[in-house]
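A.B. asks: Going by the numbering used here, the sequence shown opens with residue 799, and the numbers climb by one from there.
C-beta atoms are modelled at their ideal positions from N, C-alpha and C, and glycine is treated no differently.
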Amino acid sequence: MTFIHSHRVRYHETDAQSFLFNSRYLEIADVALTEFLRHLGFDYAGLAHTYDTDPSVVSAQLTFTRPARFDEVLDFRVACVRVGRSSFELAHTVMAGDAQVAAINIVYVNVDTELAASRPLHPAVADALTRYRSAT
Numbered sequence: 799m800t801f802i803h804s805h806r807v808r809y810h811e812t813d814a815q816s817f818l819f820n821s822r823y824l825e826i827a828d829v830a831l832t833e834f835l836r837h838l839g840f841d842y843a844g845l846a847h848t849y850d851t852d853p854s855v856v857s858a859q860l861t862f863t864r865p866a867r868f869d870e871v872l873d874f875r876v877a878c879v880r881v882g883r884s885s886f887e888l889a890h891t892v893m894a895g896d897a898q899v900a901a902i903n904i905v906y907v908n909v910d911t912e913l914a915a916s917r918p919l920h921p922a923v924a925d926a927l928t929r930y931r932s933a934t
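The structure is reproduced here in structure tokens:
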């Protein structure tokens, strides 16, 4: 099971060649995370208060296959590839139609914002991520 977040490349996101600027991929992946968590039943805005969960990026790897262009619709296909005690990893396969544009792997760690330290994922969040991972 793969979650898909679609995004049309807008003019202000492109560079002089009308290619999606490289940093924008991470911005869109961040929106895809929010929508993925919503798909799992979690309201991102209330995640920290209700589930003591505040995922922060600790590692991101991007591999570009070809440029995404202005006005193309990109599908960020999100898969959960690992769930740990205090972290999880999402793999995004970025597609424009049938053509792969990029691959993005992001590791998130759950952060205690008061202590600025990692803390275990809430069991409800960890279970939902694990169930989703098992279904893929």
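Taking C-alpha atoms, which residue in Glu811, Pro865, Ser816 and Tyr906 lies nearest to Ala915?
C.D. replies: For the purposes of this step, residue 915 is identified with residue 117 of the sequence shown, where counting begins at 1. Among Glu811, Pro865, Ser816 and Tyr906, the Cα nearest to that of Ala915 is on Tyr906.
A.B. asks: Hey, quick one: how far does the beta strand (DSSP E) through Pro853 stretch, first residue to last?
C.D. replies: Within the sequence shown, numbered from 1, the residue matching residue 853 stands at position 55. Looking at the DSSP string, the run of the beta strand (DSSP E) that includes Pro853 is Pro853 to Phe862.
A.B. asks: Does the segment 864-877 come within contact of the segment 915-929, defined as at least 3 CB pairs closer than 8 Å?
C.D. replies: No, because fewer than three Cβ pairs between the segment 864-877 and the segment 915-929 fall closer than 8 Å, the two stretches do not touch.
A.B. asks: Count the other CB atoms within 10 Å of the CB of Val871; is the residue buried (16 or more) or exposed (fewer)?
C.D. replies: Translated into the one-based positions of the sequence shown, residue 871 becomes position 73. The residue is exposed, with fewer than 16 neighbouring Cβ atoms inside 10 Å.
A.B. asks: If you drop the 5 nearest sequence neighbours on each side, which residues of the same chain put their C-beta closer than 6 Å to that of Leu927?
C.D. replies: The count along the sequence shown starts at 1 and reaches residue 927 at position 129. Hits under 6 Å: Cys878, Val881 and Phe886.
A.B. asks: Given that a residue counts as buried once 16 or more other Cβ atoms are within 10 Å of its Cβ, and exposed if not, what is Val876?
C.D. replies: On the sequence shown, residue 876 is found 78 positions in, with the first residue counted as 1. It counts as buried.
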